[in-house]
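Our numbering puts the first residue of the sequence shown at 4, with every later residue one more than the last.
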Amino acid sequence: MVPEINYWAVLLATLSSMVVGSIWYTPKVFGNYWMKTAKITPSGNSKDAIWPIIVTVIVSFVTAWVLSGAAFIAWDFYGGSFLFNTIFTGIILWAGFTAARFITHDAFDGRPTGLTVLNIAHELVTIVIMSLIIGVWPPAGSV
4 MVPEINYWAV
14 LLATLSSMVV
24 GSIWYTPKVF
34 GNYWMKTAKI
44 TPSGNSKDAI
54 WPIIVTVIVS
64 FVTAWVLSGA
74 AFIAWDFYGG
84 SFLFNTIFTG
94 IILWAGFTAA
104 RFITHDAFDG
114 RPTGLTVLNI
124 AHELVTIVIM
134 SLIIGVWPPA
144 GSV
């Protein structure tokens, strides 16, 4: 079986991750704390952000695409609500892969717990919003 994927939902979910990150890491939200705790010093040159933004768009697309496929497989297997399956799948994938890996790497890197919590919370919010977008916009003919 090949999962059906709504690529419009995937693209919108990709965009949503950029919006969430832009808000989350703005100085008035968590940006100042993040920069201080991660020991980031802005260069003041906006060109320095181009490559990280390109990378973020690419990996956000991959995340949304994998989430969409995994959600379809879960829905096809379990049945029920496509929205519920997508949100549940997103949270399970976040916990098992994203949060678990951040915690492991950050522990070995000696990063502050507050930074780890901040970053995995950001990823949770990102995944839940992606899940909502994908879940309310399932592939045609699947629901």
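We put the CB at the ideal spot given by N, CA and C, even for glycine.
Query                                                                                                                                                   : Result
Count the C-beta pairs between the segment 130–137 and the segment 94–114 that are closer than 8 Å, then say yes if the count reaches three, no if not. : yes
Could you tell me the alpha carbon to alpha carbon distance between residue 109 and residue 75, rounded to whole angstroms?                             : 32 Å
Closest to residue 73 by CA distance: which of 60, 87, 61 is it?                                                                                        : 87
Let's see if you can read the secondary structure: which residues bound the alpha helix (DSSP H) around residue 85?                                     : 85–96
Pick out whichever of 139, 141, 12 has its Cα sitting closest to the Cα of residue 63.                                                                  : 12
Can you tell me whether DSSP reads residue 7 as helix, strand or coil?                                                                                  : coil
Using only alpha-carbon positions, find the residue among 14, 137, 138, 143 that is nearest to residue 60.                                              : 14
What are the complete alpha helix (DSSP H) segments, minimum 4 residues, inside the segment 39–76?                                                      : none
Roughly how many whole angstroms lie between the Cα atoms of residue 122 and residue 20?                                                                : 13 Å
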